[in-house]
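Heads up, the sequence shown is in our numbering, so the first residue is 21 and it goes up one at a time. Cβ coordinates follow ideal geometry from the N, Cα and C atoms, glycine included. Contents: one structure, followed by commentary.
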Amino acid sequence: MSAKSDLIETSVNMISGMIVNFSLTMLIFGVTIGHATGATAIFFVVSFARSYLIRRWFRRNENERD
């Protein structure tokens, strides 16, 4: 897969997770929309970078083995 495909896959995964995370943050913690948005944004950025970098690392290692 290409870097673009990995980016699209990671984006779809993260956006669906962001919706779930925002909803659960509001439901479980009962915080304001602003607090839920801020917490979701922070975790989204960190998780997106982590997911994308791990995926690219696996792709690189996969190509070296072939």
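Nearest-angstrom Cβ-Cβ length linking residue i and residue j, presumed shorter than 8 Å
{"i": "methionine 46", "j": "alanine 59", "result": "Wrong, their Cβ atoms sit about 10 Å apart, outside the cutoff."}
{"i": "serine 71", "j": "asparagine 41", "result": "Actually they do not touch by this definition, with Cβ atoms about 13 Å apart."}
C-alpha gap between residue i and residue j, whole angstroms
{"i": "glutamate 84", "j": "alanine 69", "result": "23 Å"}
{"i": "phenylalanine 78", "j": "alanine 23", "result": "12 Å"}
{"i": "isoleucine 62", "j": "isoleucine 48", "result": "18 Å"}
{"i": "isoleucine 35", "j": "isoleucine 53", "result": "17 Å"}
{"i": "glutamate 82", "j": "isoleucine 39", "result": "31 Å"}
{"i": "arginine 80", "j": "leucine 73", "result": "10 Å"}
Of the residues the options, the one placed nearest residue i, counting alpha carbons only
{"i": "serine 64", "options": "Gly37, Ile74, Gly50, Ile28", "result": "The sequence shown places phenylalanine at residue 64, not serine. Taking only the C-alpha atoms, the option nearest phenylalanine 64 is Gly37."}
Chain-order list of residues whose beta-carbon lies under 8 Å from that of residue i (same chain, five-residue window excluded)
{"i": "arginine 75", "result": "Asp26, Glu29, Thr30"}
{"i": "valine 51", "result": "Thr45, Ala59"}
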